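Reading the sequence shown from the start, the letters are residues 437 to 515 in this note's numbering. These notes are about the structure you will find just below.
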Amino acid sequence: MYEILIHSAYKHNELVELLNAELGDNLDGVIFCWAQTTSLFIEALNDITIEEAITVIQELLGDVKIELDPEDDEDEYME
């Protein structure tokens, strides 16, 4: 599992529609919307790397800081 941190607040439906249009077939995940940030927890990647997914998300959202949570360890979730 990966967590992508989006340093901007989005409405849940707004982000779901935007991401589904571009990445709906490529990833499965859950979106958590907070007061000032948004977290995208990716449970599965389909024919895309996490780096490619981040690039697409960055292109969709424009000038918003996005980063992969450095505390996440994919291997921890694979056991």
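All C-beta atoms, glycine included, are put in the ideal place defined by N, C-alpha and C. Everything numeric in this text was worked out from a predicted model, so none of it was measured.
(request) Could you tell me which residues DSSP pairs with GLY465 in its beta bridges? (result) ILE478
(request) Say whether chain B places a C-beta atom closer than 9 Å to the C-beta of GLU439. (result) Checking the listed chains, one finds no chain B in this structure; it contains a single protein chain.
(request) Report buried or exposed for THR474, applying the criterion of at least 16 other Cβ atoms within 10 angstroms of its Cβ. (result) buried
(message) Between which residues of its own chain and GLU512 is the CB-CB distance below 7 Å, once the five residues before and five after are set aside?
(response) Confidence is the limiting factor: at GLU512 the pLDDT is only 48, short of 50, which leaves the residue's position unreliable, though a coordinate-based value still follows. The answer is none, since no qualifying residue turns up.
(request) Check each candidate in VAL500, SER444 and ASP505 and name the one with the smallest Cα separation from TRP470. (result) SER444
(request) Go ahead and label MET514 buried or exposed: buried means 16 or more other beta carbons lie within 10 angstroms of its beta carbon, across all protein chains shown. (result) Residue placement at MET514 is poorly supported in this model, since its pLDDT is 44, which falls under 50; the coordinates still yield a value, given next. The residue is exposed, with fewer than 16 neighbouring Cβ atoms inside 10 Å.
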